[in-house]
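Residue numbers (UniProt numbering), protein chains in the order written: chain A, 1 to 399; chain B, 1 to 399. C-beta atoms are modelled at their ideal positions from N, C-alpha and C, and glycine is treated no differently.
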DNA sequence: TATGATTTGTAATAGGTGAAAACAAAATAG
DNA sequence: CTATTTTGTTTTCACCTATTACAAATCATA
């Protein structure tokens, strides 16, 4: 169908000036995603001539967003060695946060996606009152930016909860006890940061990160699913994160896969989350009321890693329930890849055969080969995704 | 999150020439979707100046794609009356086909979306052999184009089956007996038509049509679901039709909503289709082996329309199963509207209360108000969608 | 009826953007 | 050392839209 946008976004390009902005964005976006590239190669990719590239790259270097390295090291062809354009790291970076109940990750990620440093990870729970939590976060951010010479291009924050798209309001984050918290705005106030602040759901952002830097590279349509206590996910369609009307798209944990199943805390019954979440897994393992879910889980995984039959059987037992939900997602989205994170990573690794078998049994459209891949970024996913979202936001607003 | 595309599509605009093409497309796209618009208004929308608009509109009129009407009829303000730019109908149109087992709709749809004429509707089944069917279709198209003075801008075809995106190959259409049929290519050969030929799944195209011309106007994110013998659908995200990796996205009929349910012809079990399709409804009505499903269904609907308790009860009985699937779709996509077509239209009309009640019970996120709407375009949906896809394709390829 | 205000269309000029072409530079191959 | 290849630079040019000034067409008001 190849159904292109009819009302092509008005802001894209209409006058010569915005044309140039567009080309600058394209160039910098490419550098960010693909890394160092020769000028000529940039020309081939964008369709611009060498002279145009030279001019645009000059502006990028002048602004401190890119550098041109002399002929790098080896040499393949025989002509004049090219100038290599690279995104700048140290001086052009974004600040990324991943907030969770007992951990806050904060890091600087440079253009190009390199994690410059992941500094403070707290292991004390955040204050319960949202205002205090915001104060703590703001302080962490200020401490991080003080040590840097230049301020970040933008900021990204990953949150375990529902985030409204556009204004960065956290509608609800049960684990943190937040409701209707205008996080982006509060952080801007608390830190005095003038650039863009982007807030997003952690699973959606992890999906974005896997797409750009992890198991989903070179794959325009993918589904990312991560199971933990809850089940979250994100969908990339045509290289873009699906947000839905209000930014809540991707709440796949509450997809009903078994109407005869258990009651879910959301009020529903038989949500996927109740079938494949941490509790479901521990139940299968015979652990009904664990003292420390996290530890019990870690032990289960390590036992499976040691090939203990019982542990393996636990994961195998869950594969069918996982496959039911995946079948739905595959039928709905037709992705070229499904990336499994959290609990589903060990499930894929230790019960991959059963999982694939169940999928084949359930799926009605075997013509579509879908790859199942384990997530690559692990616990860093949400933070790296926040960084990616921040970079995108910066690019979109680039003058 | 507002995560914009990082590598902005290269083809968008890089040099002055493509900039102009882009502006022409924007203008014509607006005219197509919004209808007649004054020059000044066009300027406000696109951000272009009056002189630029004048120049661009002149090119559009010269090419026969738009007309400028003198001051229309009334007059509101007090300044000089504006020139109104309108998309041309008669001379700028696309050809749209909707192929089905026993009916082929063919029509001309002008720019602006007006159905100029819906000429031939056959009621004899298409030949079983694909090649013969293609021949029949080609003949119908030629007959339609012969009578016209100018040839269409593009062609669109809706098909009840899986269509691969990009090349217009029908991967499989069980009802028609087609497999791996390069329909777009065959029709181009069979008719000698030089423009673009777009082929798409009927439900996806109906979704597109509802989005642009029906119950989904002004709604950037919507889900369209249509139940018949099978259950099809389409999703619009950010004003664009979701296609997935190969164009199969939207196969929501085979979403498993009841793992303990009936076997589906697709090989799975408990697919939504087996729960809410025609057969399921007739089963509920106590009609197990109908002689004519179509007639039995029509009667059921008309009895419900006449408020016969039994018929109403039949639709009410189905509402829960419908709600289960809708809940999933809503959680996954966060649409602002869900449009119900086919069987689901009467279900909404005659059992709306039960349906909404079940949704409220099942959904875990009552914060999100989602509208349920009946489809507006009815049986014409697929054909009108094919026309819209054809127009989009033409615009995308406009020189 | 005449005049000014308001809105819209038109024409001429200007500024900015990337393309094209010619040339210079830096490497390799022989 | 020369020819070839590849890349960077410079200049010229074509194109697109903005800007500006002005003309046309209507309404409001005196």
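Chain A within 7 Å of residue i, Cβ atoms only
i: residue 251 of chain B; result: yes
i: residue 237 of chain B; result: yes
i: residue 8 of chain B; result: Residue confidence for residue 8 of chain B is low, a pLDDT of 36 falling below 50, so the modelled location carries little weight; the figure read from the coordinates is stated next. Yes, contact with chain A.
i: residue 125 of chain B; result: no
i: residue 211 of chain B; result: no
i: residue 47 of chain B; result: yes
i: residue 21 of chain B; result: no
i: residue 268 of chain B; result: yes
i: residue 14 of chain B; result: yes
i: residue 3 of chain B; result: Note that residue 3 of chain B scores a pLDDT of 46, beneath 50, so its modelled location is shaky and nothing firm can be said.
i: residue 324 of chain B; result: yes
i: residue 318 of chain B; result: no
Proximity winner among the options, relative to residue i (alpha-carbon distances)
i: residue 35 of chain B; options: B:212, B:135, B:167; result: B:212
i: residue 30 of chain B; options: B:268, B:53, B:210; result: B:53
i: residue 152 of chain A; options: A:187, A:105, A:93, A:63; result: A:93
i: residue 344 of chain B; options: B:107, B:290, B:281, B:398; result: B:281
i: residue 148 of chain A; options: A:107, A:236, A:70; result: A:107
i: residue 317 of chain A; options: A:109, A:284, A:292, A:349; result: A:284
i: residue 142 of chain A; options: A:124, A:119, A:55; result: A:119
i: residue 121 of chain B; options: B:115, B:127, B:102; result: B:102
i: residue 358 of chain A; options: A:265, A:328, A:324, A:33; result: A:324
i: residue 69 of chain A; options: A:76, A:57, A:77; result: A:57
i: residue 95 of chain B; options: B:110, B:104, B:84; result: B:110
Span of the alpha helix (DSSP H), counted from its first residue to its last, around residue i
i: residue 358 of chain A; result: 344-362
i: residue 383 of chain B; result: 381-396
i: residue 319 of chain B; result: 309-333
i: residue 124 of chain A; result: Per DSSP, residue 124 of chain A belongs to no alpha helix (DSSP H) and is neither H nor E.
Extent of the continuous beta strand (DSSP E) to which residue i belongs
i: residue 171 of chain A; result: 169-173
i: residue 371 of chain A; result: 371-374
i: residue 201 of chain B; result: 196-201
i: residue 256 of chain A; result: Run containing residue 256 of chain A: none; DSSP gives neither H nor E here.
i: residue 104 of chain B; result: 104-110
i: residue 68 of chain A; result: 66-69
Contacts around residue i, its chain only, beta-carbon distance under 8 Å, and the 5 residues preceding and following it disregarded
i: residue 172 of chain B; result: 161, 162, 178, 179, 180
i: residue 166 of chain B; result: 247
i: residue 368 of chain A; result: 330, 334
Pair within 7 Å by beta-carbon distance, residue i and residue j
i: residue 194 of chain B; j: residue 373 of chain B; result: no
i: residue 322 of chain A; j: residue 276 of chain A; result: yes
i: residue 228 of chain B; j: residue 386 of chain B; result: no
i: residue 136 of chain B; j: residue 190 of chain B; result: no
i: residue 209 of chain A; j: residue 388 of chain A; result: yes
i: residue 82 of chain A; j: residue 51 of chain A; result: no
i: residue 184 of chain B; j: residue 168 of chain B; result: yes
i: residue 270 of chain B; j: residue 256 of chain B; result: yes
i: residue 319 of chain B; j: residue 355 of chain B; result: yes
i: residue 258 of chain B; j: residue 130 of chain A; result: no
i: residue 350 of chain A; j: residue 304 of chain A; result: yes
i: residue 293 of chain B; j: residue 274 of chain B; result: no
i: residue 150 of chain A; j: residue 91 of chain A; result: yes
i: residue 346 of chain B; j: residue 288 of chain B; result: no
Cβ shell of residue i (< 6 Å), same chain only, five flanking positions each side left out
i: residue 233 of chain A; result: 203, 224, 225, 250, 252
i: residue 170 of chain A; result: 159, 161, 163, 178, 181, 183
i: residue 238 of chain B; result: 220
i: residue 175 of chain B; result: 101, 160
is_contact[residue i, chain B] using C-beta, thresh 7 Å
i: residue 334 of chain A; result: yes
i: residue 245 of chain A; result: yes
i: residue 248 of chain A; result: yes
i: residue 383 of chain A; result: no
i: residue 114 of chain A; result: no
Beta-carbon proximity list for residue i, same chain, < 7 Å, skipping 5 on both sides
i: residue 67 of chain B; result: 61, 86, 88
i: residue 335 of chain B; result: 221, 222, 223, 370
i: residue 395 of chain B; result: 25, 28, 29
i: residue 127 of chain B; result: 133, 136
i: residue 205 of chain B; result: 158, 382, 385, 386, 389
i: residue 59 of chain B; result: 24
i: residue 3 of chain A; result: Its pLDDT being 46, under 50, residue 3 of chain A is placed unreliably in this model, and the coordinates cannot settle the point.
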